[in-house]
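One structure is given below, encoded as structure tokens.
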Amino acid sequence: VPLGHIWVEGDNLKNSSDSRSYGPIPYALIRGRV
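Sequential numbering from -18 applies to the sequence shown in our numbering.
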């Protein structure tokens, strides 16, 4: 994972749109934590 990015994964691995599809997410785009 590049510096300044985060890897996110959903809890339903077979049906999630997450970093496995989109790649690392820039940390600046994260708005909150659930």
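Quick reminder that beta carbons are idealized off the backbone N, C-alpha and C, glycines included.
Excluding five sequence positions before and after residue -14, the CB atoms of its chain that fall closer than 7 Å to its own CB belong to 5, 6, 7, 8, given in chain order.
In its chain, beyond the 5 residues on either side, 5 have a beta carbon closer than 7 Å to the beta carbon of residue -17.
By the criterion of a C-beta distance shorter than 7 Å, residue -10 is surrounded in its chain by -3, -1, 0, 1, once the five residues flanking it on both sides are discounted. Annotation for residue 1: the continuous alpha helix (DSSP H) segment containing it runs 0 to 3.
Counting only the Cα atoms, residue 3 lies some 15 Å from residue -5.
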